[in-house]
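Peer 1: Protein chains in written order, with this note's numbering: chain W, 1 to 381; chain V, 1001 to 1251.
By construction, the Cβ of each residue, glycine as well, lies at the ideal position given by its N, Cα and C atoms.
None of the values given here were measured: they were computed from a predicted structure.
What follows is a structure written as structure tokens; I'll ask about it next.
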Amino acid sequence: MTVGRAAALLLLATAAIAAADLRSTVTIDARMNAVSHPEESVWLGSGGSARLDLAATGNRSVRGQLRISADLHLPPAAPGAAGSDRDHLVTSLGVERAFIRARLPGFRLTAGKTRLSWGRGRFFNAGDILFGQNPGFSSGAGEYLTATDWLVAAYVPVDLRSFLEAVVLPPPLPARLADTAAGARAVIRIGELTSEAGYLFGPDSGTSTQREHRAFVSLKGALAGVDWHLSAGSALPADGGPDLREAAQDRLFVTAGGFGFVDLGPESGLLNVRLEAGVRPWRSWQEQSGTPSALDRYGLYLFPEVGFAPADNWNLSLSGVISPIDGSAVTAAGASWNILQGLTFSLYVSAMLGDADDTFAWDRAGSLAATLGARFVFGSS
Amino acid sequence: MRPCARRLLVAAGAVVLALAAAVPALALTGDEIIRRMERHERHDSMQSTGSMEITDRFGTRTKSFMSTALGDDRSLLEFTNPEEAGQKVLRLEDEIYLYFPDSEDVIHLQGAALRDSVLGSDFSYEDMTGSSSRLNDYEVVLEGTEEIDGHETYRLRLTAKRRDVVYPVQVAWVDSERFVTRRVELFSRRGRALKRMAVTEFREVGDKVIGTRLEMSDFMKKESMTVFTIDDIAIDEPVDESLFSLEELTF
């Protein structure tokens, strides 16, 4: 983030907030981590974070939000490790969000640091050509859709359920104008189906030195009580290259998913179930040896997730990523308990299963992990 | 006339008067009582702010909200308490959309999901946003009269006409004087009691009487109760139809 641009947008955001009612929210997290290590039995860490949200409310035509967060933690290390705590302490301060959203004649403008959710999918989303088509697995509370960036977007409603959206993502300064990314999407409701198509032209998501065209199409609907989605996206280098077809095939990513509720009966409540698949048809469909890589080595990965609320203030979850081709997986089980107003305790445990050269491996640092946390949210509205 | 005979005459007169009063009341059908009750409960539009106090054995958690509804099948609810600030629920006909501002994500709910609890309360999404006429969904039978909290009420049994109705059976107690709901019990198809709602406070708004404090108990949740309170309310005032759109939901 550049200081000048951040200052200008913060000033505008502050002005918007000052002109409207203000809602403030403070979120404080405290946590303790324990992770396995191949050479030590368990490494311990601890930390916390604080987040301040200021949001303008009460004005139907303009709103703004400023979110500042501070993080302070000791990374997991062997008990009794050399060095003082201060040597290892990691601190960070950042602006997670700072944006204005305003209704102007015929369209809505968003400017600043925020996120846009393109495509569908909680974990695998071929339509998210802005922030990444699959995030890393979260062994904690599973907060996946949180990435933000500086952007300017125009949203044009077509009808109650359809709209067009154009976006420009300026590069961090100093930068060339050519490093700007720009694109658009259309979300159109046709009968019971919601279709979405989007395009973005900008720096290569991997190298950032090349420019590329990214595009996706997506369908979303409901069948027999299950919300389903199907998306496909790919990318082509802007400078052409020797084999465009091969490049498009290599980057082709197809994601599909379903989300529904299993009715356990009026006396038992609902189980929510999600299953998503990420398919790269032109990647390997056979197990390979060698250095483990990210979730793009093989042709198929799966993301199952189950949630259940046994009581008003209890939530249980079980989720994971399965790599069926090399037979490995990571799984996380969690429980959260909203015991008092704003106060939630949580416990998450995760484990990797697999051989050393699999996508997930049992003998890797962090293959077993547990996080005990407390979150307190308070503020004024 | 001897005093004893006079007392008998007075008593007989009272019985006659009571019967005379009861005849037109009992002449009402269940459907007519529902129609008179819904004159107070269904509106062209409604704007309100309020709160839900969810009490269990550990204490009370409060969720505040502001809500706008247009007709039977359009409503927008936004939570304003710090923990869920900015979360919204949009009802468009038989679809419900949830908006989570942190992820800028929209979730589409339907079917059994409408029975899911709103923020851990004893209210479901259907309870919070549905307002179609009961006469569309239920067969109504007047079972008699009962006194509830010192008020004479009609006891009505409502049986769902279709299997996709969220609560297959309802028993409602409707004030026989003001035609407002005083209590409702909700049952499963097998007759098991699911929830009980008692309306304990009312406010006159124009020529309507609105329940402004509702106590909801979910029998499946032990030691739990949600008190739903309306603080401010405006009825049948002009409402911008564009409120009920994905654009407004994600604003």
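(1) Thinking C-alpha only, which one of 1084/V, 1074/V and 1233/V is nearest residue 954/V?
(2) Could you pull out every residue in the same chain whose Cβ sits closer than 8 Å to the Cβ of residue 210/W, ignoring the five residues on either side in sequence?
(3) Name the two residues that bound the continuous beta strand (DSSP E) containing residue 338/W.
(4) CA-CA distance, residue 1085/V and residue 345/W?
(5) Under 8 Å, CB to CB, which of the residues in the stretch 147-158 of chain W have a partner in chain V?
(6) Taking the C-alpha atoms as reference points, what is the distance between residue 1142/V and residue 144/W?
(7) With a threshold of 16 other CB atoms inside 10 Å of the CB of residue 233/W, please say whether the residue is buried or exposed.
(8) For residue 260/W, which residues in the same chain have their Cβ closer than 7 Å to its Cβ, ignoring the five residues on either side in sequence?
(9) Tell me the rounded alpha-carbon separation between residue 1201/V and residue 1212/V.
(10) Let me confirm a value: residue 1232/V is counted as buried when at least 16 other C-beta atoms fall within 10 Å, else exposed. Which label applies?
(11) Do residue 95/W and residue 377/W have their C-beta atoms within less than 9 Å of each other?
(12) Put residue 1249/V into one of helix, strand or coil per three-state DSSP.
(13) Could you tell me whether any Cβ in chain W is nearer than 9 Å to the Cβ of residue 1228/V?
(14) In three-state DSSP terms, what is residue 1242/V?
(15) Report the residues of the stretch 163-188 of chain W with a CB closer than 7 Å to any CB of chain V, ordered along the chain.
(16) Measure from the C-beta of residue 411/W to each C-beta in chain V and report whether the shortest distance is under 9 Å.
(17) Checking contacts by CB at 9 Å: is residue 1082/V closer than that to chain W?
(18) In chain order, what residues of the same chain lie with their CB nearer than 7 Å to the CB of residue 1186/V, ignoring the 5 residues before and after it?
(19) Tell me which residue opens and which closes the alpha helix (DSSP H) that residue 244/W is part of.
(20) Taking residue 339/W as the query, report the chain V residues whose CB atoms sit under 7 Å from its CB, ordered along the chain.
(21) With a threshold of 8 Å (Cβ to nearest heavy atom), would residue 24/W be considered close to the ligand MG?
(22) Could you give the residue range of the alpha helix (DSSP H) that holds residue 1136/V?
(23) In the structure shown, what three-state DSSP assignment does residue 371/W receive?
(24) With distances taken between CB atoms, is the gap from residue 1228/V to residue 1246/V smaller than 9 Å?
(25) Would you kindly check if the distance between the Cβ of residue 1235/V and the Cβ of residue 1191/V is under 9 Å?
(26) Relative to the C-alpha of residue 299/W, which residue among 176/W, 271/W, 215/W and 281/W is closest?
(27) Looking at the C-beta of residue 1123/V, does it have a partner C-beta in chain W at a distance below 9 Å?
(28) Please confirm if the stretch 36-46 of chain W is in contact with the stretch 65-76 of chain W, defined as three or more CB-CB distances below 8 Å between the two stretches.
(29) Using a Cβ-Cβ cut-off of 6 Å (strictly less than) and excluding sequence neighbours within five positions of residue 256/W, which residues of its own chain qualify?
(30) I think residue 1251/V touches residue 1076/V, with their Cβ atoms under 8 Å apart; what is that distance to the nearest whole Å?
(31) Is DSSP giving residue 1037/V helix, strand or coil here?
(32) Select from 371/W, 353/W and 372/W the residue whose C-alpha is nearest the C-alpha of residue 364/W.
(33) Would you tell me roughly how many angstroms separate the C-alpha atoms of residue 122/W and residue 1087/V, rounded to the nearest one?
(34) Using a Cβ-Cβ cut-off of 6 Å (strictly less than) and excluding sequence neighbours within five positions of residue 166/W, which residues of its own chain qualify?
(35) What does the alpha-carbon distance come out to for the pair residue 355/W and residue 326/W?
(36) Rank 1156/V, 1127/V and 1199/V by C-alpha distance to the C-alpha of residue 1031/V and give the top, closest one.
Peer 2: According to the structure data:
(1) Here chain V has residues from 1001 to 1251 only, and residue 954/V is not among them.
(2) Counted from its first residue, the first sequence places residue 210/W at position 210. Correct list, in chain order: 203, 204, 237, 238 and 239.
(3) Along the first sequence, read from residue 1 onward, the residue named residue 338/W stands at position 338. Here the beta strand (DSSP E) through residue 338/W covers 328-340.
(4) By one-based count along the second sequence, residue 1085/V stands at place 85. By one-based count along the first sequence, residue 345/W stands at place 345. So the alpha carbons of these two residues sit roughly 20 Å apart.
(5) 155 and 157
(6) On the second sequence, position 142 is the one that residue 1142/V refers to. On the first sequence, position 144 is the one that residue 144/W refers to. Cα to Cα, residue 1142/V sits roughly 52 Å from residue 144/W.
(7) Looking up residue 233/W in the first sequence gives position 233. Buried: at least 16 other Cβ atoms inside 10 Å.
(8) As a working note, residue 260/W is residue 260 in the first sequence. Here the set comprises 225, 226, 227 and 273.
(9) Against the second sequence, residue 1201/V aligns to sequence position 201. Against the second sequence, residue 1212/V aligns to sequence position 212. Near 5 Å, if we compare the C-alpha coordinates of residue 1212/V and residue 1201/V.
(10) Taking the second sequence and counting its residues from 1, one reaches residue 1232/V at position 232. Per the 10 Å Cβ criterion, exposed.
(11) Position 95 of the first sequence, counted from the start, is the residue given in the question as residue 95/W. Position 377 of the first sequence, counted from the start, is the residue given in the question as residue 377/W. No, these two residues do not count as a Cβ contact at 9 Å.
(12) Mapped onto the second sequence, residue 1249/V falls at position 249. In this structure, residue 1249/V counts as helix in the three-state DSSP scheme.
(13) For the purposes of this step, residue 1228/V is taken as the residue at position 228 of the second sequence. Closer than 9 Å: no.
(14) Translated into the one-based positions of the second sequence, residue 1242/V becomes position 242. Note: residue 1242/V maps to helix in three-state DSSP.
(15) 163
(16) The structure shown does not extend to residue 411/W, since chain W is modelled only from 1 to 381, so the question has no answer here.
(17) Taking the first residue of the second sequence as 1, we reach residue 1082/V at position 82. Yes, contact with chain W.
(18) In the second sequence, residue 1186/V corresponds to position 186, counting from 1. So the qualifying residues of the chain are 1167, 1170, 1194 and 1195.
(19) What you label residue 244/W is simply residue 244 of the first sequence in a count that begins at 1. Where residue 244/W is concerned, the enclosing alpha helix (DSSP H) stretches over 244-251.
(20) Here the question's residue 339/W lines up with position 339 in the first sequence. Here the neighbours are 1058.
(21) Among the ligands in the structure shown, none appear at all, so the ligand MG cannot be discussed.
(22) Residue 1136/V sits at position 136 when you count from the first residue of the second sequence. Its alpha helix (DSSP H) spans residues 1134-1137.
(23) In the first sequence, counting from the first residue as 1, residue 371/W sits at position 371. Strand at residue 371/W.
(24) Position 228 of the second sequence, counting from 1, holds the residue named residue 1228/V. Position 246 of the second sequence, counting from 1, holds the residue named residue 1246/V. Cβ distance not < 9 Å, so residue 1228/V and residue 1246/V don't count as in contact.
(25) Here residue 1191/V is taken as the residue at index 191 of the second sequence, counted from 1. Here residue 1235/V is taken as the residue at index 235 of the second sequence, counted from 1. Not in contact: residue 1191/V and residue 1235/V (Cβ atoms no closer than 9 Å).
(26) Here the question's residue 299/W lines up with position 299 in the first sequence. Considering only alpha carbons, the answer is 281/W.
(27) If you number the second sequence from 1, residue 1123/V lands on position 123. Not closer than 9 Å to any Cβ of chain W, the Cβ of residue 1123/V fails to qualify, so no.
(28) yes
(29) Within the first sequence, the letter at position 256 stands for residue 256/W. Hits under 6 Å: 230 and 277.
(30) In the second sequence, counting from the first residue as 1, residue 1251/V sits at position 251. In the second sequence, counting from the first residue as 1, residue 1076/V sits at position 76. Contact doesn't hold; Cβ gap of about 10 Å is too wide.
(31) Counted from its first residue, the second sequence places residue 1037/V at position 37. Looking at residue 1037/V - three-state DSSP - the assignment turns out to be helix.
(32) Translated into the one-based positions of the first sequence, residue 364/W becomes position 364. The shortest C-alpha separation from residue 364/W is found at 353/W.
(33) Stepping through the first sequence from its first residue, residue 122/W is reached at position 122. Stepping through the second sequence from its first residue, residue 1087/V is reached at position 87. Approximately 18 Å between the Cα atoms of the pair.
(34) Residue 166/W sits at position 166 when you count from the first residue of the first sequence. Counting only Cβ-Cβ distances below 6 Å, and skipping sequence neighbours, we find 154 and 184.
(35) The sequence position of residue 355/W within the first sequence is 355, counting from 1. The sequence position of residue 326/W within the first sequence is 326, counting from 1. Approximately 9 Å, taken between the alpha carbons.
(36) Stepping through the second sequence from its first residue, residue 1031/V is reached at position 31. Ranking the options by Cα distance to residue 1031/V, first place goes to 1156/V.
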